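Numbering (my numbering), first residue to last: 238 to 443. For each residue, glycine too, the CB sits at the ideal point set by N, CA and C. No experiment lies behind these values; they were computed from the predicted model shown. The structure under discussion appears below in the form of structure tokens.
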Amino acid sequence: MQWIEAFLAKGGTLLLVSHSMYHIQKLCRHACWLQHGRIERIGDVFEVTQDYLAWHERQSQDAVDGGRVRAAAGEYALLDFLVNDDDGQTPVLLRPGEPLRVCVTIRARDHRQPVLAIGLKRVDGTPVYGTTSEIEAAAPLRVDSDHYLWQLAFDAPALLPGSYLLEAHALDPEGVRLFDSLERGLVVRGQSREFGMVRLPHRWGG
């Protein structure tokens with residue numbers, strides 16, 4: 238490894254074929270992802286390797302029809318799920334530490350205030366964080382007799398680069414029964430080579 242690093246420091250060119258994202262990110266500036274003999278992605282080493290890892294993680298996730306799961310029909314329904322003011326189906330791009338804002342509207346046919354649950358997981362299903370409006374006593378804005386609006390802000394999320402899924406769940410007022418769920422993709426871009434899902438505050442010292 239030291240010889241390779243010295244070789245690169247002197248201006249040498251290295252062609253590395255590997256499945257080790259750690260070594261690719263450490264030794265390379267550009268990467269090419271080959272899939273079935275064809276170029277799937279080429280460009281900046283961090284962007285290509287993060288897309289490659291996200292693709293592998295998605296293989297272990299059960300397919301969800303349009304990102305929507307119905308646990309029960311009708312009574313409480315998610316109408317809007319905005320992430321950083323975006324209501325589209327494409328993943329939201331985020332830089333490490335960049336603010337994350339969530340805006341969710343739930344329709345309650347019985348006019349009772351439902352419970353909103355928000356969860357974050359890796360695309361392979363590994364949980365990262367979750368909370369509910371009931372746990373945090375977060376009251377919504379009552380738009381009219383049967384529509385409730387919540388806004389939630391993560392001012393400086395400590396997520397490491399990778400692909401995530403942000404979930405919103407509509408529960409009954411008791412917070413027991415799940416009625417509706419929506420998912421939004423979230424991609425954190427960056428050049429960190431740290432491991433895991435979040436960056437924990439720390440310091441090195443003697």
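Beta-carbon contacts of Asp-383 that lie in its chain and below 7 Å, excluding the five residues immediately before and after: Position 146 of the sequence shown, counted from the start, is the residue given in the question as residue 383. So the qualifying residues of the chain are Arg-344, Ala-345, Arg-346 and His-348.
Under three-state DSSP, which class holds Phe-432? As a working note, residue 432 is residue 195 in the sequence shown. Here Phe-432 sits in coil by DSSP.
Let me know if Glu-404 comes out buried or exposed under the rule of 16 or more other beta-carbons within 10 Å of its beta-carbon. Within the sequence shown, residue 404 is the residue found at index 167, counting from 1. Result: buried.
Starting from the C-beta of Lys-263, find all residues in its chain whose C-beta is less than 8 Å away, skip the five residues before and the five after it, and write them out in chain order. Translated into positions along the sequence shown, residue 263 becomes position 26. Hits under 8 Å: Arg-430.
Measuring alpha carbon to alpha carbon, tell me which residue in Arg-332, Leu-353 and Gly-412 is nearest Val-341. For the purposes of this step, residue 341 is taken as residue 104 along the sequence shown, with counting starting at 1. The option with the nearest alpha carbon to Val-341 is Leu-353.
Taking the beta strand (DSSP E) that Trp-270 falls in, what are its first and last residues? Position 33 of the sequence shown, counting from 1, holds the residue named residue 270. Counting along the chain, the beta strand (DSSP E) containing Trp-270 begins and ends at 267-272.
Which residues share a DSSP beta bridge with Thr-369? Taking the sequence shown and counting its residues from 1, one reaches residue 369 at position 132. Paired residues: Ala-354.
As assigned by DSSP and simplified to three states, the class of Asp-281: What you label residue 281 is simply residue 44 of the sequence shown in a count that begins at 1. If DSSP states are grouped into helix, strand and coil, Asp-281 belongs with the strands.
Rounded to whole angstroms, how far is the Cβ of Leu-423 from the Cβ of Val-320, which I believe are closer than 8 Å? Here residue 423 is taken as the residue at index 186 of the sequence shown, counted from 1. Here residue 320 is taken as the residue at index 83 of the sequence shown, counted from 1. Sure, about 7 Å apart at Cβ, within 8 Å.
Supposed close pair Leu-251, Ile-241 - CB separation, criterion 8 Å: Working through the sequence shown from its first residue, we reach residue 251 at position 14. Working through the sequence shown from its first residue, we reach residue 241 at position 4. Going by Cβ atoms, the distance from Leu-251 to Ile-241 rounds to 7 Å, so yes, they are a contact pair.
Spell out a yes or no on whether the stretch 266-273 and the stretch 284-294 are touching, meaning 3 or more CB-CB pairs, one atom from each, closer than 8 Å. yes
Which value, in whole angstroms, describes the spacing of the CA atoms of Ala-308 and Leu-415? In the sequence shown, counting from the first residue as 1, residue 308 sits at position 71. In the sequence shown, counting from the first residue as 1, residue 415 sits at position 178. Here the model assigns Ala-308 a pLDDT of 43, short of 50, so the residue's position is not dependable, and the following value carries that caveat. Going by the C-alpha atoms only, they are around 6 Å apart.
Please work out which residues of its chain come closer than 7 Å, Cβ to Cβ, to Gly-412, disregarding the five sequence neighbours upstream and downstream, and give them in chain order. Numbered from its first residue, the sequence shown carries residue 412 at position 175. So the list reads Val-352, Thr-369 and Glu-371, once near-sequence residues are dropped.
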